[in-house]
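Q: So the protein sequences, as listed, match chains R and F. Counting in this note's numbering, the first sequence runs from 39 upward without gaps. Counting in this note's numbering, the second sequence runs from 39 upward without gaps. Here you go, one structure.
Number of protein chains: 2
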Amino acid sequence: MTKNIDLKEYWENKPQLLPSVSIDCVTLGFHNNQLKILLLKYKNTDYYALPGGFINLNEDLEDAAQRILEERTGLRNIYLEQFHVFGSNNRRNDDTHREIMAGCDIEMKPNNFLLNRFISIGYYALIDFTKATPSPDELSDSCMWYDLDKIPTLMFDHNEIFRKALETLRTMLDEKLIGFNLLPETFTMNELQNLYETILGEKLVRSNFQRKMLSLGILERIEKKMTGAANKAPYLYRFVGEAY
Amino acid sequence: MTKNIDLKEYWENKPQLLPSVSIDCVTLGFHNNQLKILLLKYKNTDYYALPGGFINLNEDLEDAAQRILEERTGLRNIYLEQFHVFGSNNRRNDDTHREIMAGCDIEMKPNNFLLNRFISIGYYALIDFTKATPSPDELSDSCMWYDLDKIPTLMFDHNEIFRKALETLRTMLDEKLIGFNLLPETFTMNELQNLYETILGEKLVRSNFQRKMLSLGILERIEKKMTGAANKAPYLYRFVGEAY
DNA sequence: CTTCATTGTATCAAAAAGATACAATGAAGC
DNA sequence: GCTTCATTGTATCTTTTTGATACAATGAAG
């Protein structure tokens, strides 16, 4: 396979990348009243991982994160936020790298770029689920959304990275109006509340939630949404804040 | 000077360090009701900088930050918190590096470690001013405390790093009980309030502040402190929380 | 036309935060 | 010793925010 020969060439020698630094993205979307996370599965292995990548030698860190996620989602200008750097010395595992590469028929030379130590900069990305088109990279055969309560065991410290992202998201939820990035252009109050409840992991009182959201002055009320259900139709809202 | 010969050797070739990654510390102390920041001044230059350094090849990121600050303050087990990674491609400036090295009679070869690109991981450190003994490194001739409103122009993006640290500190002030790390073992309510006011950059109402702090249940009241002033003597308090 | 689940809003109570007042105190001034 | 004074600890009242509950309006099914 010529494709594999190219891959081999590519992964065995990556001189154009910034050494020691990687990026991992906790990529969240919201669908069917459920928070979802985007995960990769490496070819011919049982290894799952966060979408991630490296920084080109003359590329801004922020641009690298955008580029990496654009490759996985097809989206530009994603809402991204750094939340932590994972830098313990023993977070790497050479054997895992070798197995992953072996799954793609690539043998790693001892001086392979990937066998060096990396610290990983964690970003969380909040994405409009309806607009993303997940696509795997050259090493993985799937790039899919997973429910937060069905996340498989991930490579290296990626489960820990996810946990920390969610923790940060929770404490920042009010601070940054984060939630609206996860919803489509228009949404009902119920959808918004479900999103908040999922992130916070707790039930909220409907009437009080509605009062609070409306008091923020960042929601514009659009027309009603006729759901066809046997009850009062909810209004649609649109986010009109500037607070990004 | 043999010292310079050693230095030269050391700085010209640092193969034992993790490439591309540096650490910069916004190190804060509180003294005379003023927040202070620890800054270095490089020898024979006008360059001021945050204390910083690099990560040894097999050293945890966290340990590196502790080590770097221990070298500047003599303190162990410092309260340190990551707050942001600074990774724009143009934050470096080779000429600045050369001038700093020239100030120490060191000529940089074109392949010098320092002339590579670095991303910098920002930590803020909260220190008991009375316990620290600032000491400069081999490249600097002073390591001193500066009032926050008298910070000179700093090297590279270090002013920006400071600004971001302070911003993070403000939003996290209630979240993490940060302030108590900056005070000595015992302190008066007034000192605590002054600290909060300095960090937040705004005046607080004394009686309400006292009520709030006491209601947290993390302060133990010790004996009175006879100040010698012509007024009622304040109580001393001690922090007794576990919330770190 | 009744039923029913859901939605938007009002209302009352509890808690938190803001503003002000005041007695207690420790030393200085006389 | 007595008064004065700035500061401290606490109380009180008001305002705002949050939590809990109630209720009328609505859109479709039966």
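Glycine included, every Cβ here is placed at the ideal spot set by N, Cα and C.
1. Start and end of the alpha helix (DSSP H) containing F:Asp179?
2. List the residues of chain R that F:Ser60 touches, going by C-beta distances under 8 Å, in chain order.
3. Consult DSSP for F:Leu274 and reduce its assignment to one of helix, strand or coil.
4. Give me, in chain order, the residues of the same chain whose beta-carbon lies closer than 7 Å to that of R:Leu207; leave out the 5 immediate sequence neighbours on both sides.
5. Is R:Val123 close to chain F? Criterion is C-beta to C-beta, closer than 8 Å.
6. Can you check which of these residues, R:Asn269, R:Asn127 and R:Leu56, is closest to R:Asp195 by C-alpha distance?
7. Can you say whether F:Lys250 is buried or exposed, counting buried as having 16 or more other CB atoms within 10 angstroms of its CB?
8. Anyone know if the C-beta pair for R:Tyr80 and R:Gly141 falls short of 8 Å?
9. Only counting runs of 3 or more residues, tell me where the beta strand (DSSP E) segments fall wholly within the stretch 83 to 135 of chain F, in order along the chain.
10. Does the Cβ of F:Leu238 lie closer than 7 Å to at least one heavy atom of the ligand PLP?
11. Return no unless some Cβ of chain R is closer than 8 Å to the Cβ of F:Gln120.
12. By the DSSP assignment, the beta strand (DSSP E) with F:Leu56 in it spans what residues?
13. Name the chain F residues whose beta carbon is nearer than 7 Å to that of R:Pro57?
14. Can you give the Cα-Cα distance for F:Lys147 and F:Cys63, rounded to whole angstroms?
15. Give me, in chain order, the residues of the same chain whose beta-carbon lies closer than 7 Å to that of F:Ser58; leave out the 5 immediate sequence neighbours on both sides.
16. Should F:Leu252 go down as buried or exposed, given a rule of 16 or more other Cβ atoms within 10 Å for buried?
17. Which residues in chain R sit within 7 Å of F:Asp185, going by Cβ to Cβ distance?
18. According to a CB-to-CB cut-off of less than 8 Å, which residues of the stretch 149 to 162 of chain R neighbour chain F?
19. Would you call the stretch 175 to 190 of chain F in contact with the stretch 80 to 94 of chain F, where contact means no fewer than 3 C-beta pairs closer than 8 Å?
20. Residues in its own chain within less than 7 Å of F:Leu164 by CB, not counting five upstream and five downstream?
21. So that I know if they touch, is there some Cβ in chain F lying closer than 8 Å to that of R:Thr224?
22. Anything in the stretch 70 to 98 of chain R with a Cβ closer than 8 Å to a Cβ of chain F? List those residues in chain order, please.
23. Since R:Met210 and R:Tyr275 are thought to touch, with beta carbons under 8 Å apart, how far apart are those beta carbons, to the nearest angstrom?
24. Among R:Asp84, R:Lys214 and R:Ala102, which has the Cα closest to the Cα of R:Gly90?
25. Shorter than 8 Å from the beta carbon of R:Asn127 to some beta carbon of chain F?
26. Nearest to F:Gly255 by CA position, among F:Phe247, F:Val278 and F:Ala271, is which residue?
27. What are the boundary residues of the beta strand (DSSP E) that includes F:Ser158?
28. Nearest to R:Asp175 by alpha carbon, out of R:Asn131, R:Glu109 and R:Glu229?
29. Would you identify the three-state DSSP class for R:Phe200, choosing helix, strand or coil?
30. Give the secondary structure of F:Lys79 by DSSP, where H, G and I count as helix, E and B as strand, and everything else as coil.
31. What three-state label does DSSP hand F:Leu211 in the structure shown?
32. Measure from the C-beta of R:Glu198 to each C-beta in chain F and report whether the shortest distance is under 8 Å.
33. Given F:Leu107, which residues of its chain have a CB within under 6 Å of its CB, disregarding the five upstream and five downstream residues?
34. Closer than 8 Å, Cβ to any Cβ of chain R: which residues of the stretch 203 to 235 of chain F, in chain order?
35. Kindly indicate which residue of F:Pro272, F:Glu205 and F:Leu230 has the alpha-carbon position closest to the one of F:His122.
36. So, helix, strand or coil for R:Leu220, using DSSP?
A: Working from what's here:
1. Counting along the chain, F:Asp179 falls outside any alpha helix (DSSP H), though it belongs to the beta strand (DSSP E) covering Ser178 to Asp185.
2. Simply none; closest approach about 11 Å.
3. strand
4. Tyr162, Ile216 and Ile237
5. yes
6. R:Asn127
7. exposed
8. yes
9. 90 to 94 and 117 to 124
10. This structure lacks the ligand PLP; in fact it carries no ligand of any kind.
11. yes
12. Leu55 to His69
13. Pro57 and Ser58
14. 27 Å
15. Asn154, Arg155, Phe156 and Ile157
16. exposed
17. Ordered by position in chain R, no residue passes the 7 Å Cβ test against F:Asp185, which lies about 29 Å from the chain.
18. Arg155, Ile157 and Ile159
19. yes
20. Leu66, Tyr117, Ile216, Asn219 and Leu220
21. no
22. Ile93, Leu95, Asn96, Glu97 and Asp98
23. Actually they do not touch by this definition, with Cβ atoms about 21 Å apart.
24. R:Ala102
25. yes
26. F:Val278
27. Ile157 to Leu164
28. R:Glu109
29. helix
30. strand
31. helix
32. no
33. Cys63, Ile116 and Ala163
34. Thr209 and Glu213
35. F:Glu205
36. helix
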